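A.B. asks: Below you will find the structure I want to go over with you.
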Amino acid sequence: MEATIVGDIKMLPEECLSHVISLTTPRDACVSAAVSRTSHSAADSDATWERFLPSDYASILSRAVDPVEYASKKELYFRLCDHPVLIDAGRMSFGLEKSTGAKCFMISARALSIIWSGEERYWKWIELPESRFNECAKLNAVCWLEISGKINSNVLSSHTGYVAYLVFKLTPVARGLGNPFQTTKIILAEDTVSEHSVCLNIREREQLNRLSGRLPEGVILPRMRQDGWLEVELGEFYSGDGTDGEINMSFMEIRGGHWKNGLIVQGIEVRPNH
1 MEATIVGDIK MLPEECLSHV ISLTTPRDAC VSAAVSRTSH SAADSDATWE RFLPSDYASI
61 LSRAVDPVEY ASKKELYFRL CDHPVLIDAG RMSFGLEKST GAKCFMISAR ALSIIWSGEE
121 RYWKWIELPE SRFNECAKLN AVCWLEISGK INSNVLSSHT GYVAYLVFKL TPVARGLGNP
181 FQTTKIILAE DTVSEHSVCL NIREREQLNR LSGRLPEGVI LPRMRQDGWL EVELGEFYSG
241 DGTDGEINMS FMEIRGGHWK NGLIVQGIEV RPNH
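The opening position of the sequence shown corresponds to residue 1 in the numbering used here, with each subsequent residue numbered one higher.
Below, the structure is given as structure tokens:
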């Protein structure tokens with residue numbers, strides 16, 4: 001039976017087979033490439049991988065800080081999955097989610113609204129070699145912490161569930177980020193679609209509560225990323241058909257007048273919820 005199927009595939013023109021494969025997924029295309037020489041050629045063709053790339057990828061890449069070179073559309077696809085491209089004068093990065101090709105963006109700290117970030121006694125702008133952006137914002141000391149960013153739904157992949165994350169690090173002397181908890185909020189088309197409490201510094205929180213070290217139910221904790229940074233979820237939203245307008249994402253702790261320091265912000269990342 002398998003030999004018959006392979007034989008039937010060989011009878012199809014490559015452009016037809018390429019079209020069929022392009023209606024599947026990037027993962028399926030990679031599997032198809034191993035079936036036969038015919039399917040390999042069709043699965044690796046530019047026609048196939050053009051369908052997996054966002055329809056506006058050329059327009060986005062025209063905004064890249066440095067030219068993006070690639071030998072094939074498949075190579076470009078995986079280049080964007082593994083190495084996001086800086087765009088808009090380095091204020092944002094663009095990449096793809098590997099299994100679906102959905103668009104991912106990170107908004108740099110410079111492109112965020114950070115209260116008092118222009119005053120060096122409160123925030124300092126630093127360079128870190130492990131950051132994808134030229135500058136990160138380092139918190140010296142504030143008693144009012146408020147960070148927000150926005151992105152328009154029309155630049156995202158349509159009809160896709162997304163999650164926004166604050167991407168950050170903590171210095172060894174970070175204080176005031178374990179208690180009280182911080183608040184996050186996602187607002188889409190003037191409606192709050194997600195809101196919850198987070199705790200950036202779990203070690204500090206545990207030191208404050210040595211008896212149990214437990215957090216109230218529902219408080220979200222940060223997790224380590226593959227690139228060595230930490231991230232904490234700000235909330236979820238649905239991109240819809242791209243006509244809903246701006247998505248506003250915020251992170252704050254403004255309630256108690258508690259002083260905080262030692263937070264390093266790389267940016268806010270928006271990526272598909274998988």
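Cβ coordinates follow ideal geometry from the N, Cα and C atoms, glycine included.
Treat the numbers as computed from the prediction; the structure is a model and nothing was measured.
Is the Cβ-Cβ distance between residue 318 and residue 166 less than 9 angstroms?
C.D. replies: In the structure displayed, the chain extends from 1 to 274; residue 318 sits before or after that span and is not available.
A.B. asks: Are the CB atoms of residue 139 and residue 123 within a distance shorter than 9 angstroms?
C.D. replies: Against a cut-off of 9 angstroms, the Cβ pair of residue 139 and residue 123 comes out as a contact.
A.B. asks: Taking only runs that begin and end inside the stretch 99-184, name each unbroken beta strand (DSSP E) of 3 or more residues, in chain order.
C.D. replies: If we require 3 residues or more, the beta strand (DSSP E) runs fully inside the stretch 99-184 come out as 103-108, 123-126, 136-139, 145-152, 161-175.
A.B. asks: Since I believe residue 261 is in contact with residue 148 (beta carbons under 8 angstroms), could you give me their beta-carbon distance rounded to a whole number of angstroms?
C.D. replies: Residue 148 to residue 261, Cβ: 20 angstroms. No contact.
A.B. asks: The beta strand (DSSP E) that contains residue 238, what's its start and end?
C.D. replies: Note, residue 238: beta strand (DSSP E), 230-238.
A.B. asks: Span of the beta strand (DSSP E) holding residue 275?
C.D. replies: With the chain represented from 1 up to 274, any question about residue 275 goes unanswered, as that position is not in the structure.
A.B. asks: Quick one: what does DSSP say residue 223 is sitting in, helix, strand or coil?
C.D. replies: Three-state DSSP puts residue 223 in a strand.
A.B. asks: Would you grab the beta carbon distance between residue 179 and residue 205 for me? Rounded to a whole angstrom, and I think it's under 8 angstroms.
C.D. replies: That pair is a contact at about 6 angstroms.
A.B. asks: Kindly indicate which residue of 89, 48, 45 has the alpha-carbon position closest to the one of residue 61.
C.D. replies: Out of 89, 48, 45, 89 has the C-alpha closest to the C-alpha of residue 61.
A.B. asks: I need the boundaries of the alpha helix (DSSP H) containing residue 61, first residue and last residue.
C.D. replies: Run containing residue 61: 57-61, per the alpha helix (DSSP H) assignment.
A.B. asks: Since residue 136 and residue 265 should fall inside the 8 angstroms C-beta cutoff, what is the C-beta to C-beta distance between them, to a whole number of angstroms?
C.D. replies: With 8 angstroms as the limit, residue 136 and residue 265 qualify as a contact, their Cβ atoms being about 6 angstroms apart.
A.B. asks: Could you check the C-alpha separation between residue 182 and residue 48 for me, to the nearest Å?
C.D. replies: Residue 182 and residue 48: Cα-Cα distance of roughly 45 angstroms.
A.B. asks: Once you ignore the five residues that flank residue 189 on each side, which residues in its own chain have a CB closer than 6 angstroms to its CB?
C.D. replies: Excluding positions up to five away in sequence, the list reads 244, 245.
A.B. asks: Which residues in the same chain have their Cβ closer than 8 angstroms to the Cβ of residue 256, if we skip the five residues on either side of it in sequence?
C.D. replies: If we look at residue 256 and ignore the five residues flanking it on each side, its Cβ neighbours are 180.
A.B. asks: Taking residue 95 and residue 77 to be in contact with their CB atoms under 8 angstroms, please state how far apart those CB atoms are, rounded to whole angstroms.
C.D. replies: Residue 95 to residue 77, Cβ: 11 angstroms. No contact.
A.B. asks: Under a three-way DSSP split, which group does residue 255 fall into?
C.D. replies: Coil.
A.B. asks: Does the beta-carbon of residue 129 have 16 or more other beta-carbons within 10 angstroms, so that it is buried, or is it exposed?
C.D. replies: Exposed, since its Cβ has fewer than 16 Cβ neighbours within 10 Å.
A.B. asks: Alpha carbon to alpha carbon, what distance is there between residue 68 and residue 251?
C.D. replies: The alpha-carbon atoms of residue 251 and residue 68 are separated by roughly 33 angstroms.
A.B. asks: Quick check on residue 86: does DSSP put it in helix, strand or coil?
C.D. replies: In the structure shown, residue 86 sits in a strand (DSSP, three-state: E or B).
A.B. asks: Tell me, please, which residues DSSP counts as bridged to residue 272.
C.D. replies: The partner list for residue 272 (beta bridge, DSSP) reads 162.
A.B. asks: Have a look at residue 103 and residue 91 and give me their C-alpha separation to the nearest angstrom.
C.D. replies: Rounded to whole angstroms, residue 103 to residue 91 spans 17 angstroms at the Cα level.
A.B. asks: For residue 69, which of helix, strand or coil comes out of DSSP?
C.D. replies: The answer is coil: DSSP assigns residue 69 none of H, G, I, E or B.
A.B. asks: Quick check on residue 70: buried or exposed, where buried means 16 or more other Cβ atoms within 10 Å of its Cβ?
C.D. replies: Answer is exposed; the Cβ neighbour count stays below 16.
A.B. asks: Expressed to the nearest angstrom, what Euclidean distance is found between the alpha-carbon atoms of residue 201 and residue 229?
C.D. replies: Cα-Cα distance, rounded: 14 angstroms.
A.B. asks: Between residue 193 and residue 267, what straight-line distance do the alpha-carbon atoms span, to the nearest angstrom?
C.D. replies: Rounded to the nearest angstrom, the two C-alpha atoms are 21 angstroms apart.
A.B. asks: Which partner residues does residue 260 have in the DSSP bridge list?
C.D. replies: BP columns for residue 260 point to 142.
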